[in-house]
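Undergrad: I'd like to ask you about the structure that follows.
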Amino acid sequence: MLSPCNTTVDGSFREQVRHGTTTFPCACYYDDLSKGDVPWHWHDELEAAIVTEGSIRVVIGSEQFDLNTGDGFFVNVCALHSCQGLTPKGCSLHSLVFHPRLIGGSAESSFNQNYVLPIIQNKGFAGLRLDKGFPWQKDVLDAVEEAWQACTQEPAHFDLKVRYTLSMALSMIAEHMVSIQTDISIKHQRDSERIKAMLQFIFDNYDEAIDTAAIARSASVSESECLRCFRATIGTTPIRYLREYRMEQAANRLTNSQASIADIAVACGFQDVSYFTKTFREMKGVTPKAFRKEEMEKPEG
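The sequence shown runs 1390 to 1690 under this note's numbering.
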């Protein structure tokens, strides 16, 4: 069944959505990135996606890729990733999120040993860009598209079709694993764990007066290492990320609560309402009051 993407995360940015069912652990989604980005998150499942319109930027671990229509990407289990649209209108993708056991079955099976474990046990492999210009990657994209169409339309025996085509996609990725990336430096793996710890600290404490030093301490690193890790992994500074996260929380409260703008400012870590209003306008293009009015006037559905 096709569903719109609705990424919700916990304090460690682990996605809370259940993908598929116990008997068929796979779900298909569509994203209209012109309406909003897919925020930083990770999950226990594998993910394969194709850009259906426009251009997007996907960040997987410490790698950033700009993709055009027809390109795609693959995300390994537990890899931190995000997506944003690069075209203001007509920017979309569709994706499949599936548990490794859909392909591998039992732990002892040859399917699991030959095609699943080489991918999910490679801790240095967060994911990859799928470029339609490379023949084997185009074959992966075609397999993903077949699986997505079967999962969406649910014809007779669609579950067999989804499992088969995703199995073929994984087998090609596993076959090219050496040429893709045999291993990433320990430094990149360490960065991934540190950034998860620091993002969780921001999630838990964004309403407090925190600074770079506090964020760095949450991962037991220096301020300079904190700055380097944020730039290498997310492409921004910790303070800018904190400010953006606070703005998203404020926008959510403005839309879904009747609290005053002053109370929302304080709840999101701003003691100065004027500074909150100025920052909100810089990031959202409108004042908090105007934003709330626009959201209230939007038609439901």
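Every residue, glycine too, gets a C-beta built ideally from N, C-alpha and C.
With distance defined between alpha-carbon atoms, name the residue in Q1473, T1412, E1497 and C1417 nearest to Q1542.
TA: The count along the sequence shown starts at 1 and reaches residue 1542 at position 153. Here the closest residue by C-alpha is C1417.
Undergrad: For D1421, which of helix, strand or coil comes out of DSSP?
TA: Within the sequence shown, numbered from 1, the residue matching residue 1421 stands at position 32. D1421 falls in the strand class under three-state DSSP.
Undergrad: Report yes if the C-beta distance between G1494 and L1506 is below 9 angstroms; otherwise report no.
TA: If you number the sequence shown from 1, residue 1494 lands on position 105. If you number the sequence shown from 1, residue 1506 lands on position 117. No, Cβ-Cβ distance for G1494 and L1506 is not below 9 angstroms.
Undergrad: Looking only at its chain, what residues have a beta carbon closer than 8 angstroms to the beta carbon of T1676, apart from the 5 residues adjacent to it on each side?
TA: Here residue 1676 refers to the residue found at position 287 of the sequence shown. The residues are T1666, F1669 and R1670.
Undergrad: Using only CA atoms, which one of D1426, A1648 and V1610 lies nearest to R1681?
TA: What you label residue 1681 is simply residue 292 of the sequence shown in a count that begins at 1. Closest option to R1681, Cα to Cα, is A1648.
Undergrad: When the Cα atoms are used, what is the spatial distance from I1584 to E1612?
TA: Walking along the sequence shown from the start, residue 1584 turns up at place 195. Walking along the sequence shown from the start, residue 1612 turns up at place 223. Rounded to whole angstroms, I1584 to E1612 spans 13 angstroms at the Cα level.
Undergrad: Indicate the three-state DSSP secondary structure (helix, strand or coil) for I1449 in the structure shown.
TA: Working through the sequence shown from its first residue, we reach residue 1449 at position 60. Strand, per DSSP.
Undergrad: Can you name the start and end residues of the beta strand (DSSP E) that F1694 belongs to?
TA: Because the chain here runs from 1390 to 1690, residue 1694 falls outside it and cannot be looked at.
Undergrad: What residues in its chain sit with their C-beta under 7 angstroms from that of I1628, if we drop five residues either side in the sequence?
TA: Walking along the sequence shown from the start, residue 1628 turns up at place 239. Result list for I1628: T1601, in chain order.
Undergrad: Looking at C-alpha atoms only, which residue of A1656, L1491 and V1533 is the closest neighbour of G1461?
TA: Locating residue 1461 in the sequence shown gives position 72, where the first residue counts as 1. It is V1533 whose Cα lies nearest to the Cα of G1461.
Undergrad: Leaving out the 5 sequence neighbours to the left and right, which residues in its chain are closer than 7 angstroms to M1561 when beta-carbon positions are compared?
TA: On the sequence shown, residue 1561 is found 172 positions in, with the first residue counted as 1. Contacts found: W1525, D1528 and V1529.
Undergrad: Can you give, in chain order, each stretch of the beta strand (DSSP E) that sits fully within the stretch 1484-1568 and has at least 3 residues?
TA: Listed in chain order, the complete beta strand (DSSP E) runs (minimum 3 residues) inside the stretch 1484-1568 are 1516-1519.
Undergrad: Can you tell me which residues form a DSSP beta bridge with E1442?
TA: Numbered from its first residue, the sequence shown carries residue 1442 at position 53. According to DSSP, which records beta bridges pairwise, E1442 is partnered with S1481.
Undergrad: Does the distance from the C-beta atom of V1466 to that of D1433 stay below 9 angstroms?
TA: The residue you call residue 1466 lines up with position 77 of the sequence shown. The residue you call residue 1433 lines up with position 44 of the sequence shown. For V1466 and D1433, yes; Cβs fall inside 9 angstroms.
Undergrad: Are S1423 and S1481 closer than 9 angstroms when you measure CB to CB?
TA: For this step, residue 1423 is matched to residue 34 along the sequence shown. For this step, residue 1481 is matched to residue 92 along the sequence shown. Their beta carbons are under 9 angstroms apart, which means S1423 touches S1481 by this criterion.
Undergrad: Identify whether P1428 lies in helix, strand or coil by the three-state DSSP scheme.
TA: Stepping through the sequence shown from its first residue, residue 1428 is reached at position 39. The answer is strand: DSSP assigns P1428 an E or B state.
Undergrad: Could you give the DSSP three-state label for F1454: helix, strand or coil?
TA: For the purposes of this step, residue 1454 is taken as residue 65 along the sequence shown, with counting starting at 1. The answer is strand: DSSP assigns F1454 an E or B state.
Undergrad: How would you write the range of the beta strand (DSSP E) that S1471 sits in, first residue to last?
TA: As a working note, residue 1471 is residue 82 in the sequence shown. Unbroken beta strand (DSSP E) run through S1471: H1470 to G1474.
Undergrad: What residues in its chain sit with their C-beta under 6 angstroms from that of V1662, if we drop five residues either side in the sequence?
TA: Here residue 1662 is taken as the residue at index 273 of the sequence shown, counted from 1. A1651 and A1654, listed in sequence order.
Undergrad: Could you pull the start and end residues of the alpha helix (DSSP H) that I1653 belongs to?
TA: Sequence index remark: in the sequence shown, residue 1653 carries index 264 (1-based). First-last of the alpha helix (DSSP H) with I1653: I1650 to A1656.
Undergrad: In terms of alpha-carbon separation, which member of S1471, G1443 and I1439 lies closest to E1452?
TA: Reading the sequence shown from its first residue, position 63 is the one you call residue 1452. The shortest Cα separation from E1452 among S1471, G1443 and I1439 belongs to S1471.
Undergrad: Just the Cα atoms here: how many angstroms apart are I1508 and N1594?
TA: Indexing the sequence shown from 1 puts residue 1508 at position 119. Indexing the sequence shown from 1 puts residue 1594 at position 205. Approximately 35 angstroms, taken between the alpha carbons.
Undergrad: So P1699 packs on H1488, CB below 8 angstroms; how close in whole Å?
TA: One cannot answer for residue 1699 here, as it falls past the ends of the chain, which runs 1390 to 1690.
Undergrad: How many angstroms separate the CA atom of E1597 from the CA atom of R1446?
TA: Taking the sequence shown and counting its residues from 1, the one referred to as residue 1597 is at position 208. Taking the sequence shown and counting its residues from 1, the one referred to as residue 1446 is at position 57. So the two alpha carbons sit approximately 31 angstroms from each other.
Undergrad: Would you report the Cα separation of T1441 and F1547, rounded to the nearest angstrom?
TA: Start at 1 with the first residue of the sequence shown, and residue 1441 comes out as number 52. Start at 1 with the first residue of the sequence shown, and residue 1547 comes out as number 158. Distance between T1441 and F1547, taken at the CA atoms: about 22 angstroms.
Undergrad: Check C1679 in the structure and name its three-state DSSP category.
TA: By one-based count along the sequence shown, residue 1679 stands at place 290. Residue identity differs from the one stated: residue 1679 is Ala in this sequence, not Cys. In the structure shown, A1679 adopts helical secondary structure according to DSSP, grouped into three states.
Undergrad: Give me the Cα-Cα distance between T1691 and D1420, rounded to the nearest whole angstrom.
TA: A question about residue 1691 goes unanswered here, because the residues of the chain that appear run from 1390 up to 1690.
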